[in-house]
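Protein chains in written order, with our numbering: chain A, 414 to 787; chain B, 579 to 702.
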């Protein structure tokens with residue numbers, strides 16, 4: 414991406430500047446990476462109270478029509494028969510090489526209508542790919558006049574109790590229509606921080622009204638992409654382009670749970686999605702590498718693309734995301750390592766500027782999820 | 579009497595005879611964001627101007643700091659090992675990085691004074 418490219422902005426651009434955000438180019442948008450309090454403080458704010466994220470750069474794709482469900486199942490390893498109206502699920506656009514084109518959330522809006530929330534960097538390709546694979550008579554469209562906000566953290570519930578009490582009955586991955594500050598919103602109980610929270614899809618012209626209403630609560634602060642990344646890393650969640658890409662299989666990524674039972678070998682709707690043969694083989698067999706969490710005793714971040722070595726000096730794998738964890742007050746990372754080195758407790762070294770830095774494989778997530786499960 | 583000079587790499591130098599204290603500017607710490615780790619050279623290490631001898635890691639990025647001059651490391655700021663955030667809190671004072679004993683009279687002509695540095699950061 415050249416620097417001469419014209420960057421898009423979200424409906425909250427002027428609010429970000431007003432709040433003193435440092436803006437950076439991200440997936441073709443000018444986005445806030447942090448505000449004056451800084452990434453660590455924003456991270457802690459979200460864990461302890463509530464953080465508001467502008468994620469309007471993400472794509473919102475509407476797929477509707479009488480054959481939409483069955484045709485989406487040709488692209489996704491999902492069983493949409495088990496997804497009721499106003500329920501959401503995490504899924505993957507796989508490719509023929511058993512890699513991943515994009516990871517996304519899909520929510521059923523009616524018997525024949527779905528909303529897909531996709532990554533900003535992939536959204537244009539996703540749209541044309543899905544359009545090419547859904548037959549005429551159905552609709553596949555990018556909702557250009559919609560924005561997306563996320564309210565995350567243990568304080569989110571009390572805020573919604575005042576603004577939209579109808580949302581309190583939602584459990585993790587359930588959805589509802591509501592009104593916030595007079596603006597019609599579509600809300601799911603979900604997020605990308607490991608915390609309880611809500612994602613709010615809303616019209617672009619009402620976005621600032623809702624954002625200011627949320628920020629009116631003392632417990633809510635605006636959070637940038639920097640803390641969004643450190644929060645999702647602690648929560649062990651995949652970021653497309655790091656933990657997932659066209660050459661990494663969902664099984665290597667530890668996302669078997671995102672492949673519906675009915676789509677697996679001997680299931681009622683077995684296979685029938687791109688890369689199915691290899692992916693299903695990997696589920697019952699094995700992969701040569703696996704995604705793991707790595708914990709350091711030191712604070713120095715061990716960043717993406719850092720090489721890993723076994724204690725005996727053999728190549729062991731590569732870091733795909735790394736940063737500082739405020740919860741453990743040390744560096745944490747996610748990496749792909751050879752399966753023989755993937756057991757929790759395995760010690761290895763990262764090669765950072767010619768020096769070996771010790772790490773240990775740990776269970777993911779680094780910080781327990783606190784979703785509203787019951 | 580010491581005087582403070584600045585480099586285009588956003589370092590400051592405080593020159594006191596042949597002893598030069600080196601740090602990063604308030605502009606630099608603000609650009610880096612929350613600093614979580616600093617790697618400093620050993621006391622006694624010989625430095626060559628331009629050689630990248632210090633690594634400052636923030637939550638966002640790793641920054642490498644080059645030695646602004648030739649000399650020998652006389653002291654390093656031990657506080658930074660446990661409290662790297664000192665650089666964020668007081669970059670021009672308690673957050674200094676190293677003290678370098680120079681082997682010759684320091685030629686300050688290549689560095690900026692405060693006014694020139696301020697103009698430089700406004701333009702960058």
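Note that beta-carbon positions come from the ideal geometry of N, C-alpha and C, so glycine has one too.
Reduced DSSP secondary structure (H/G/I, E/B, other) of residue 421 (chain A):
On the first chain, position 8 is the one that residue 421 (chain A) refers to. Taken through DSSP and simplified to helix, strand or coil, residue 421 (chain A) comes out as strand.
When you compare the CB of residue 639 (chain A) with every CB in chain B, is at least one pair closer than 8 Å?
On the first chain, position 226 is the one that residue 639 (chain A) refers to. Flagged as an interface residue toward chain B: residue 639 (chain A), by a C-beta distance shorter than 8 Å.
Listed from N- to C-terminal order along the chain, which residues in the stretch 635-646 of chain B have their beta-carbon within a distance smaller than 8 Å of any beta-carbon of chain A?
Those residues of the stretch 635-646 of chain B that come within reach of chain A (Cβ to Cβ, closer than 8 Å) are 635, 637, 638, 640.
Could you please give the first and the last residue of the uninterrupted beta strand (DSSP E) stretch that includes residue 762 (chain A)?
Translated into positions along the first chain, residue 762 (chain A) becomes position 349. Looking at the DSSP string, the run of the beta strand (DSSP E) that includes residue 762 (chain A) is 760-765.
Return the CA-CA distance between residue 676 (chain B) and residue 748 (chain A), expressed in angstroms with no decimal places.
As a working mapping, residue 676 (chain B) is identified with position 98 in the second chain. As a working mapping, residue 748 (chain A) is identified with position 335 in the first chain. Their backbone Cα atoms lie some 34 Å apart in a straight line.
Quick check on residue 636 (chain A): does DSSP put it in helix, strand or coil?
Stepping through the first chain from its first residue, residue 636 (chain A) is reached at position 223. In this structure, DSSP gives residue 636 (chain A) an extended state, which the three-state scheme calls strand.
Excluding sequence positions up to five away, which residues of its chain have a Cβ less than 8 Å from the Cβ of residue 653 (chain A)?
Residue numbering aside, residue 653 (chain A) sits at position 240 when the first chain is read from its first letter. Counting only Cβ-Cβ distances below 8 Å, and skipping sequence neighbours, we find 513, 515, 516, 532, 534, 535.
Could you please give the first and the last residue of the uninterrupted beta strand (DSSP E) stretch that includes residue 614 (chain A)?
In the first chain, the residue the question calls residue 614 (chain A) occupies position 201. Per DSSP, residue 614 (chain A) belongs to the beta strand (DSSP E) from 610-616.
Check whether the Cβ atoms of residue 424 (chain A) and residue 554 (chain A) sit closer than 8 Å, and answer yes or no.
As a working note, residue 424 (chain A) is residue 11 in the first chain. As a working note, residue 554 (chain A) is residue 141 in the first chain. No, Cβ-Cβ distance for residue 424 (chain A) and residue 554 (chain A) is not below 8 Å.
Presumed contact (8 Å Cβ cut-off) between residue 364 (chain A) and residue 663 (chain A), rounded CB distance
Beyond the ends of chain A as shown, which are 414 and 787, falls residue 364 (chain A); an answer cannot be given.
Out of curiosity, what's the CA-to-CA distance linking residue 594 (chain A) and residue 612 (chain A)?
Reading the first chain from its first residue, position 181 is the one you call residue 594 (chain A). Reading the first chain from its first residue, position 199 is the one you call residue 612 (chain A). Approximately 16 Å between the Cα atoms of the pair.
Would you mind sorting residue 509 (chain A) into buried or exposed? The rule is 16 or more other CB atoms within 10 Å of its CB.
The count along the first chain starts at 1 and reaches residue 509 (chain A) at position 96. Burial call: exposed.
Starting from residue 658 (chain B), follow the alpha helix (DSSP H) in both directions and report where the run begins and ends.
Counting from 1 along the second chain, the entry for residue 658 (chain B) is found at position 80. Segment 657-660, the alpha helix (DSSP H) holding residue 658 (chain B).
Which chain B residues are close to residue 447 (chain A), counting only those with a beta carbon under 7 Å from its beta carbon?
Within the first chain, the letter at position 34 stands for residue 447 (chain A). Within 7 Å Cβ-Cβ: 611.
Whole alpha helix (DSSP H) elements within the stretch 608-678 of chain B, 4-residue minimum:
List check, alpha helix (DSSP H) in window: 657-660, 664-667.
Can you tell me whether residue 747 (chain A) is helix, strand or coil according to DSSP?
Residue mapping note: residue 747 (chain A) aligns to position 334 of the first chain, counting from 1. Residue 747 (chain A): strand per DSSP, three-state reduction.
Rounded C-beta distance between residue 733 (chain A) and residue 717 (chain A)? I'm assuming under 8 Å.
If you number the first chain from 1, residue 733 (chain A) lands on position 320. If you number the first chain from 1, residue 717 (chain A) lands on position 304. Their Cβ separation, rounded to whole angstroms, is 6 Å, which keeps residue 733 (chain A) and residue 717 (chain A) in contact under 8 Å.
Could you name the residues of the same chain whose beta carbon sits closer than 8 Å to that of residue 765 (chain A), not counting the 5 residues immediately before and after it, in chain order?
Working through the first chain from its first residue, we reach residue 765 (chain A) at position 352. Non-local beta-carbon contacts of residue 765 (chain A) in its own chain, meaning distances under 8 Å to residues more than five positions away in sequence, involve 713, 715, 719 in chain order.
Residue 474 (chain A) - DSSP class collapsed to helix/strand/coil:
Along the first chain, read from residue 1 onward, the residue named residue 474 (chain A) stands at position 61. Note: residue 474 (chain A) maps to strand in three-state DSSP.
Taking the alpha helix (DSSP H) that residue 537 (chain A) belongs to, which residues open and close that run?
Counted from its first residue, the first chain places residue 537 (chain A) at position 124. Residue 537 (chain A) -> alpha helix (DSSP H) spans 536-546.
Between the alpha carbons of residue 692 (chain B) and residue 686 (chain B), how many angstroms are there, rounded?
Numbered from 1 along the second chain, position 114 holds the residue referred to as residue 692 (chain B). Numbered from 1 along the second chain, position 108 holds the residue referred to as residue 686 (chain B). Residue 692 (chain B) and residue 686 (chain B) have their C-alpha atoms spaced approximately 13 Å apart.
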